[in-house]
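For the sequence shown, the numbering used here assigns the number 203 to the initial residue and increments by one for each residue that follows. Here is the structure we will look at, set down as structure tokens.
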Amino acid sequence: PRVAAADIGVGEDWSYLNERRQRVRKEEVERDLKWMWTLEAAKREAAREALQLSAPASF
Numbered sequence: 203p204r205v206a207a208a209d210i211g212v213g214e215d216w217s218y219l220n221e222r223r224q225r226v227r228k229e230e231v232e233r234d235l236k237w238m239w240t241l242e243a244a245k246r247e248a249a250r251e252a253l254q255l256s257a258p259a260s261f
């Protein structure tokens, strides 16, 4: 299943938290978003490599 940015907290309202906790939450969401992008890129690369390996070699 694909993970959406909203699933990790992008666009959430953190105004009920104090400023320090808002800052930390924002940093956590940014960290998780970057990790999600890294994982998605790795999945795409693995799929691309799998397709190249399964394709017949052309000469």
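Just so you know, even glycine gets a beta-carbon here, dropped at the ideal spot from N, CA and C.
Measuring CB atoms only, is the stretch 217-227 touching the stretch 235-250, in the sense that at least three cross pairs come out at less than 8 Å?
no
Limits of the alpha helix (DSSP H) - the one that Trp237 falls within
Residue numbering aside, residue 237 sits at position 35 when the sequence shown is read from its first letter. Glu221 to Ser256 is the span of the alpha helix (DSSP H), which, as asked, contains Trp237.
Classify Asp209 as helix, strand or coil using the three-state DSSP reduction.
The sequence position of residue 209 within the sequence shown is 7, counting from 1. It is helical.
Take Ile210 as the anchor and find which of Ala244, Arg227 and Ala257 has the nearest alpha-carbon.
Start at 1 with the first residue of the sequence shown, and residue 210 comes out as number 8. Taking only the C-alpha atoms, the option nearest Ile210 is Arg227.
Give me the residue from Arg250, Leu253, Lys245 and Ala252 with the minimum Cα distance to Arg204.
Taking the first residue of the sequence shown as 1, we reach residue 204 at position 2. When each option's Cα is compared against that of Arg204, the closest is Lys245.
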